[in-house]
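Residue numbers (my numbering), protein chains in the order written: chain B, 1 to 214; chain R, 1001 to 1217.
Structure first, then comments.
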């Protein structure tokens, strides 16, 4: 118990880092995932869309650890040192975009294309149709899938311990090495992950307040 | 690319690929076999064992897989249990992925129309026949997309075993990188291997789904 109290400040700092990294990563992933899903809307066979699909298939099939190593070890090889935090943000954001793109694409597909055509017929610009008509309907539909992925992002941050990002599991490993009390530390670590994830889980179970596509 | 022509590195990568395939196949098969009876048991009314399953499922899905692997790798020896790295990693990966498969199958069972169960009972089928002949095939049809994409997640998850001393594909790549500093070449080759495994799983999914369509005609 004393060990746990002595290490608690370090673990809490690590938890803050985990939350900050996850927040940056899932904001960027959602933003770019949504934008990519709107590229060439209604022309899903275009070359640009095939490129995006290939990007998405690659980053959804290759393990996060391998993508992380690609930037962490591969960066310096071409003269760019991303560092542990930089590599983590880039690697997990790319994987996140690949998944969120699929979530938003699926939500967008449930909205009839006629809505876009009607907006255009009224003389609205494509941008206005996206911003005022499509996106407000896509967001509530995509929320569940997007938040489920965001919950996974918090847990996946543990993989960044492999490139010495001092998030929760990295500090836990140091604690185990220093004190030889694996269960105390792993229980604390898992407890912290559950604490971080629970608000998201509760939010995800709530019924959407906004009306669905009318 | 020249380092990839070195037979000793080729040998390391192929050995790693073999270990990745072995771990993935065992985890996919065992976790699916364990998830089915648990998902069927979840259809029963509330009870102690059912609550235990719910608690297990929550814990296994809330804890990062890597934390589970560390618990087995660093924790078990403290309890006087000495396992080889491979079985210890297999236990961790199976523990995590069974929970996900269980949830997908459970929602599959819950999505089978209630009339099916009533009709099967009314026909006088025994409980075993009700589940084996009526409920399970329909639950699988509904859960299949999630189960197949979870299988890809399990292949990806096997890369975490490299962090608990298992020489699978990702571990082979880090060893070669440490010797040659050719990270990009090695990691791209490794990525292609993972892509191919994912492609095989997706092909199996199409095969399963087209067979299902034939049956329904």
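Yeah, the Cβ is synthetic: ideal placement off N, Cα and C, and Gly gets one too.
#1: Using a 10 Å radius around the Cβ and a threshold of 16 neighbouring Cβ atoms, would you call residue 156/B buried or exposed?
#2: List the residues of chain R whose Cβ lies closer than 7 Å to the Cβ of residue 63/B, in chain order.
#3: When the cut-off is 8 Å and only beta carbons count, does residue 1087/R lie next to chain B?
#4: Note down the Cα distance separating residue 189/B from residue 168/B, rounded to an integer number of angstroms.
#5: Using the beta-carbon of each residue, which ones in chain R are nearer than 7 Å to residue 74/B?
#6: When you check each C-beta in the stretch 191 to 202 of chain B against every C-beta of chain R, which residues fall closer than 9 Å?
#7: Mind pulling the alpha helix (DSSP H) runs of 4 or more residues that sit fully within the stretch 1126 to 1171 of chain R?
#8: Please tell me whether residue 1070/R has its Cβ less than 8 Å away from any Cβ of chain B.
#9: Measuring alpha carbon to alpha carbon, tell me which residue in 132/B, 34/B, 163/B, 109/B is nearest residue 74/B.
#10: Can you pull the chain R residues whose beta carbon is under 9 Å from the beta carbon of residue 94/B, in chain order?
#11: Using only CA atoms, which one of 1213/R, 1102/R, 1177/R, 1172/R lies nearest to residue 1151/R?
#12: Are the CB atoms of residue 216/B and residue 179/B nearer to each other than 8 Å?
#13: Could you tell me the alpha carbon to alpha carbon distance between residue 17/B and residue 200/B, rounded to whole angstroms?
#14: What is the DSSP secondary structure of residue 125/B, counted as helix, strand or coil?
#15: Starting from residue 170/B, follow the alpha helix (DSSP H) in both directions and report where the run begins and ends.
#16: If you measure between the beta carbons of residue 1192/R and residue 1073/R, is that distance less than 8 Å?
#17: Would you say residue 1223/R lies against chain B (beta-carbon separation less than 8 Å)?
#18: If you measure beta-carbon to beta-carbon, which residues of the stretch 1135 to 1147 of chain R are closer than 7 Å to chain C?
#19: In angstroms, rounded to a whole number, what distance separates the CA positions of residue 7/B and residue 1055/R?
#20: Indicate whether at least one CB of chain R lies closer than 8 Å to the CB of residue 107/B.
#21: What is the residue span of the alpha helix (DSSP H) that residue 76/B lies within?
#22: Distance cutoff 8 Å, beta carbons only. Does residue 213/B sit that close to anything in chain R?
#23: Alpha carbon to alpha carbon, what distance is there between residue 1172/R and residue 214/B?
#24: Could you check what DSSP says for residue 40/B in three-state terms: helix, strand or coil?
#25: For residue 66/B, which residues in chain R fall below 9 Å Cβ to Cβ?
#26: Alpha carbons only, please: which of 1086/R, 1082/R, 1214/R, 1078/R is nearest the one belonging to residue 1016/R?
#27: What did DSSP end up calling residue 1180/R once you bin it into helix, strand or coil?
#28: How would you label residue 149/B, buried or exposed, when you count the other beta carbons within 10 angstroms and need 16 or more for buried?
Judging by the given coordinates:
#1: Sequence index remark: in the first chain, residue 156/B carries index 156 (1-based). By the 10 Å Cβ count, residue 156/B comes out buried.
#2: In the first chain, residue 63/B corresponds to position 63, counting from 1. Within chain R, the residues near residue 63/B are 1156, 1159, 1170, 1194.
#3: Mapped onto the second chain, residue 1087/R falls at position 87. False, the Cβ-Cβ gap to chain B never drops below 8 Å.
#4: The residue labelled residue 189/B in the question sits at position 189 within the first chain. The residue labelled residue 168/B in the question sits at position 168 within the first chain. Residue 189/B and residue 168/B: Cα-Cα distance of roughly 6 Å.
#5: Locating residue 74/B in the first chain gives position 74, counting from the first residue. Going along chain R in sequence order, the residues near residue 74/B (Cβ under 7 Å) are 1183, 1184, 1187.
#6: Going along the stretch 191 to 202 of chain B in chain order, one finds 193, 194, 197, 198, 201 with a Cβ nearer than 9 Å to chain R.
#7: You should have 1136 to 1157.
#8: Sequence index remark: in the second chain, residue 1070/R carries index 70 (1-based). Taking Cβ atoms only, chain B reaches closer than 8 Å to residue 1070/R, which makes this a yes.
#9: Taking the first chain and counting its residues from 1, the one referred to as residue 74/B is at position 74. Comparing Cα positions, the closest option is 163/B.
#10: Start at 1 with the first residue of the first chain, and residue 94/B comes out as number 94. Chain R residues near residue 94/B: none, gap ~12 Å exceeds 9 Å.
#11: Your numbering for residue 1151/R matches position 151 in the second chain. Minimum Cα distance to residue 1151/R is reached at 1102/R.
#12: Outside the displayed span of chain B (1 to 214) sits residue 216/B, for which this structure offers no information.
#13: Start at 1 with the first residue of the first chain, and residue 17/B comes out as number 17. Start at 1 with the first residue of the first chain, and residue 200/B comes out as number 200. Distance between the alpha carbons of residue 17/B and residue 200/B: 17 Å.
#14: Here the question's residue 125/B lines up with position 125 in the first chain. If DSSP states are grouped into helix, strand and coil, residue 125/B belongs with coil.
#15: Within the first chain, numbered from 1, the residue matching residue 170/B stands at position 170. Looking at the DSSP string, the run of the alpha helix (DSSP H) that includes residue 170/B is 168 to 179.
#16: Counted from its first residue, the second chain places residue 1192/R at position 192. Counted from its first residue, the second chain places residue 1073/R at position 73. No.
#17: It is not possible to answer for residue 1223/R, since the shown part of chain R is limited to 1001 through 1217.
#18: Absent from the structure is chain C; the protein chains it does hold are B and R.
#19: The residue you call residue 7/B lines up with position 7 of the first chain. The residue you call residue 1055/R lines up with position 55 of the second chain. For residue 7/B and residue 1055/R, the distance between alpha carbons rounds to 28 Å.
#20: Mapped onto the first chain, residue 107/B falls at position 107. Using a CB distance cut-off of 8 Å, residue 107/B does not count as an interface residue toward chain R.
#21: The count along the first chain starts at 1 and reaches residue 76/B at position 76. 74 to 77 is the span of the alpha helix (DSSP H), which, as asked, contains residue 76/B.
#22: Within the first chain, numbered from 1, the residue matching residue 213/B stands at position 213. Any reading at residue 213/B must be qualified, since the residue scores a pLDDT of 45, below 50, and its modelled position is unreliable; the value itself is stated next. Not one chain R Cβ lies under 8 Å of residue 213/B.
#23: Here residue 214/B refers to the residue found at position 214 when the first chain is read from its first residue. Here residue 1172/R refers to the residue found at position 172 when the second chain is read from its first residue. Note that residue 214/B scores 41 on pLDDT, short of 50, meaning its location in the model is unreliable; the coordinates nonetheless yield the value given after this. Their Cα atoms are separated by approximately 53 Å.
#24: By 1-based counting over the first chain, the position of residue 40/B is 40. Of the three classes helix, strand and coil, the one that applies to residue 40/B here is coil, per DSSP.
#25: Taking the first chain and counting its residues from 1, the one referred to as residue 66/B is at position 66. Within 9 Å Cβ-Cβ: 1156, 1159, 1169, 1170, 1173, 1187, 1190, 1191, 1194.
#26: Residue 1016/R sits at position 16 when you count from the first residue of the second chain. Of the candidates 1086/R, 1082/R, 1214/R, 1078/R, the one whose C-alpha sits nearest the C-alpha of residue 1016/R is 1086/R.
#27: Residue numbering aside, residue 1180/R sits at position 180 when the second chain is read from its first letter. Residue state, collapsed to three classes: helix.
#28: As a working note, residue 149/B is residue 149 in the first chain. Classification of residue 149/B: buried, given that the 10 Å Cβ count is 16 or more.
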